[in-house]
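Trainee: Input: one structure, supplied below.
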Amino acid sequence: MIKLILSLAVLISVMTACNTSPQKEGQTKKNTSQNPNDKNKKDMHSYSNVDEVHTKHLHLNLNIDFDQKLVHGIAVHQIENLSEADEMIFDIKDLEIEKVTLGEDDQETEFEIGEADKLMGSPLKVKITPETKVVKIHYKTTEHTEALQFLNAQQTAGKKHPYLFSQGEAILTRTWIPCQDTPGNRITYSADVKVPSDLLAVMSADNPQKKNNTGEYHFEMKNPIPSYLIAIAVGDLEFHAVGPRSGVYAEPSMIKAAAYELSDMEKMIESAESLYGPYQWGRYDVIVLPPSFPFGGMENPKLTFATPTILAGDKSLVSLIAHELAHSWSGNLVTNATWEDFWLNEGFTVYFENRIMEQIYGKEYADMLALIEYQELQHEVEEISEGKHPEDTHLKLDLEGRNPDDGMTSIAYVKGAFFLKSLEEAAGRESFDKFLKQYFTEHQFQTVTTEDFVKYLDQNLLSKNNIEFNIDEWIYGPGIPESSVKIVSNRFQLVDEKIEVLKSGSAKDLGLKRNDWSTQEWLHFLRHLPADLDVAKMKELDDVYNFKSCGNSELMAEWYVQSIRKGYKGSEADMEKFLINVGRRKFLMPIYRELAKSEEGVALAKEIYNKARPNYHAISTNSIDELLAYEI
Ligand code: BES
Ligand code: ZN
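Laid out in structure tokens, this is it:
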């Protein structure tokens with residue numbers, strides 16, 4: 001029986017928030033995909049019944065309230081009911097549901113909110129009829145809403161205006177929009193957004209390039225996308241074109257640096273198109289967010305969200321943009337059906353990213369990037385194999401009862417990419433490219449499971465050309481298969497030679513200036529410093545190269561890790577500044593983890609974290625709270 005429960009729902013979800021098991025009574029039905037015969041497509045991370053009834057188009061009416069730090073919204077779902085269902089199930093988490101109405105005439109309908117699960121949130125079960133075409137959910141976000149980060153003026157570059165941004169992947173869209181939050185369902189969306197009139201709003205949609213004086217903006221996304229790609233950012237933003245169909249958004253004080261760093265964007269789009277077919281999304285813009293953005297980049301369609309830590313001043317970190325752009329094919333056009341197939345999004349994208357980098361910057365450079373990733377993969381395979389879930393080194397994941405975030409390891413990214421590199425080697429580049437292009441074309445605007453891909457691969461590449469290839473060891477087997485492509489980098493060999501020089505001599509004997517090497521060569525250098533390098537030599541390196549405040553975030557973060565490891569204290573003040581300012585989880589975790597290895601380190605970590613935590617997004621604090629056993 002469906003009962004009418006109003007805003008009590010929030011109370012209930014707060015009260016039951018300590019329940020950790022994802023399978024609660026509230027979850028009456030497991031979700032299957034639009035293809036009910038395909039068991040592999042079941043998305044265990046959504047309560048929604050998309051196989052019975054699903055959203056086709058979502059219209060959002062959003063009022064962004066910076067005073068209360070919340071979004072007040074109406075989510076208008078245009079639905080398709082394939083099985084005369086009398087109930088439509090949405091995902092919600094930490095939302096206050098005010099009322100639900102049906103049809104154009106806004107008839108209030110009954111709804112029920114199931115028990116809240118800490119990871120998945122709750123099912124929102126709405127009573128509908130087989131004739132229902134429109135479901136309108138009136139709601140508010142709460143202070144617990146994980147997808148959104150409201151920043152005070154102090155936390156922005158300009159220090160004058162507040163800022164808001166969202167992060168939906170993997171299952172956080174349900175914390176700011178009541179929706180069927182599964183990659184298995186694609187929707188078009190539109191939005192009317194009201195913000196303070198001195199701010200500009202942008203979304204993963206057609207975007208304005210200038211503020212207007214009403215603070216009201218309209219958005220359209222006409223290509224069907226999965227819910228995790230709905231995104232918004234609001235702030236004191238300026239736009240700067242860098243190409244005919246690309247440009248950057250950033251706060252005024254950063255716009256010039258951003259436009260310079262990203263000036264190769266049109267070249268990247270052309271390169272990507274030359275590989276795997278036309279760019280299907282119209283414009284490709286990038287917004288450079290404040291430093292608390294928890295990721296490097298997020299491939300929100302038409303508008304990649306990026307960390308300002310890629311602004312090194314020399315374009316040395318722009319492979320991240322090639323990566324997010326590549327998602328316009330792998331991920332956004334052809335989407336993983338469930339989070340257990342995450343490698344289909346990320347592995348393909350890392351492979352594709354490397355091909356773009358090779359085309360624009362040459363094979364030697366692309367090989368350095370790939371080798372750095374491969375070495376990270378080797379470390380992570382070791383770590384995972386010794387951990388609680390050794391089976392996480394398989395490409396196809398088993399995430400039953402687990403956070404999809406657990407799959408965000410180099411397995412999906414780099415093992416996935418090396419699987420494709422190895423296939424390329426087996427098939428030859430020409431026929432592999434033809435195959436991939438055809439794969440993207442034939443599956444565009446669809447979701448794909450690992451099993452779908454394996455079948456397609458066998459039929460269209462391997463059997464067809466009589467190629468023998470052990471697919472299973474990659475997908476269902478542990479670690480890195482013997483037969484993997486190996487990368488050799490001459491430039492890294494020269495770096496290794498210099499490390500030998502340092503061992504027997506001093507930093508001065510290296511005979512190198514900072515600019516003699518690329519970021520990637522220095523990264524290789526820092527990561528391969530001898531474990532027993534003494535503090536005096538660290539000090540010499542610091543005096544000559546000053547990595548601790550060089551402005552290149554990759555090198556700074558690596559230098560702090562090495563400093564902690566070697567007991568060199570000379571970088572601590574800069575490390576603290578970095579940790580307070582930057583919220584990118586990929587940089588934070590290795591530093592805090594390294595600190596956490598000693599008693600003295602834990603104390604310092606906690607002291608810094610106390611100051612830094614208010615600046616971090618929930619995605620980063622969730623991880624670091626756990627690491628440092630931080631009590632709120
Ligand atoms: N789609 C991911 C980010 C993501 C994955 C967010 C899973 C939430 C859950 C994005 O494309 C990505 O991979 N970003 C990387 C950078 C990339 C160059 C490897 C990042 O943020 O570090
Ligand atoms: Zn990615």
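The numbering of the sequence shown is our numbering, which starts it at 1 and goes up by one. Glycine included, each C-beta is placed from N, C-alpha and C at the ideal position. All figures in this text were calculated on a predicted structure; none of them were measured in a lab.
#1: Would you say the beta carbon of F305 comes nearer than 6 Å to a heavy atom of the ligand BES?
#2: In the DSSP assignment, find the alpha helix (DSSP H) that holds N610 and state where it starts and stops.
#3: Taking buried to mean at least 16 other C-beta atoms within 10 Å of its own C-beta, is V488 buried or exposed?
#4: Going by C-alpha distance, which of M203, Q359, V414 is nearest H379?
#5: Work out the CA separation of R283 and L397 for me, nearest whole Å.
#6: I'd like to know if the region 555 to 573 and the region 590 to 610 are in contact, where contact means that at least 3 CB-CB pairs between them fall below 8 Å.
#7: Can you tell me the Cα-Cα spacing of T307 and S263, whole angstroms?
#8: With a CB to CB cut of under 6 Å and the five nearest residues on each side skipped, what residues in its chain are close to F342?
#9: Under 6 Å: does the beta carbon of E373 sit that close to some heavy atom of the ligand ZN?
#10: If you measure between the beta carbons of I79 and T55, is that distance less than 7 Å?
#11: What's the C-alpha gap between Y249 and E299?
#12: Does the structure place the region 174 to 192 close enough to the region 140 to 159 that three or more beta carbon pairs sit under 8 Å?
#13: Considering T621, what are the terminal residues of the alpha helix (DSSP H) in which it resides?
#14: Answer yes or no: does any C-beta atom of chain B fall closer than 7 Å to that of G347?
#15: With 16 other CB atoms within 10 Å as the buried threshold, where does K548 fall?
#16: Let me know the secondary structure DSSP gives Y630 once reduced to three states.
#17: Which first and last residues belong to the alpha helix (DSSP H) in which M538 is found?
#18: Does DSSP put K256 in a helix, a strand or coil?
#19: Let me make sure I understand the geometry here. Which of Q149, N81, Q167 has the alpha-carbon closest to that of T132?
#20: Can you check whether the CB of T309 is closer than 7 Å to the CB of H327?
#21: The ligand ZN and E52: does the residue's C-beta get closer than 6 Å to at least one heavy atom of that ligand?
#22: Hey, is E346 close to the ligand ZN, as in C-beta under 6 Å from one of its heavy atoms?
#23: Nearer than 6 Å: is that true of the beta carbon of T409 relative to any heavy atom of the ligand ZN?
#24: Quick one: Cα of S623 to Cα of E84, how far?
#25: Is T349 near the ligand ZN, with its Cβ less than 6 Å from a heavy atom?
#26: Please list, in chain order, all residues of the same chain as M254 whose beta carbon is under 8 Å from its beta carbon, the five residues on each side excluded.
Mentor: So, from the data block:
#1: Outside the cutoff, so no.
#2: If you look at N610, you'll find it in the alpha helix (DSSP H) that goes 599 to 612.
#3: Counting the other Cβ atoms within 10 Å of the Cβ of V488 gives fewer than 16, which makes it exposed.
#4: Out of M203, Q359, V414, V414 has the C-alpha closest to the C-alpha of H379.
#5: Whole-angstrom Cα-Cα distance: 34 Å.
#6: Verdict: yes, contact present.
#7: About 16 Å.
#8: Excluding sequence neighbours, F342 sits near N336, G407, A412.
#9: Because no heavy atom of the ligand ZN lies under 6 Å away, the Cβ of E373 does not count as near it: no.
#10: Going by C-beta atoms, I79 is nearer than 7 Å to T55.
#11: Distance between the alpha carbons of Y249 and E299: 15 Å.
#12: The region 140 to 159 makes contact with the region 174 to 192: 3 or more CB pairs, one atom from each, lie closer than 8 Å.
#13: That run of the alpha helix (DSSP H) goes 618 to 627.
#14: Here chain B cannot be found, since the structure has a single protein chain.
#15: The residue is buried, with at least 16 neighbouring Cβ atoms inside 10 Å.
#16: Coil at Y630, not helix or strand.
#17: Residues 535 to 545.
#18: In the three-state DSSP reduction, K256 falls in the helix class (H, G or I).
#19: Of the listed residues, the one whose Cα sits closest to T132 is N81.
#20: Judged by their CB atoms, H327 and T309 are not nearer to each other than the 7 Å cut-off.
#21: In terms of side-chain proximity, the C-beta atom of E52 is found no nearer than 6 Å to any non-hydrogen atom of the ligand ZN.
#22: At least one heavy atom of the ligand ZN is nearer than 6 Å to the Cβ of E346, so yes.
#23: Not so, every heavy atom of the ligand ZN lies at least 6 Å from the Cβ.
#24: Straight-line Cα distance between these residues: approximately 42 Å.
#25: Answer for T349: yes, Cβ within range of the ligand ZN.
#26: Closer than 8 Å at the Cβ level, and outside the excluded window around M254, lie A157, V288, P308, L311.
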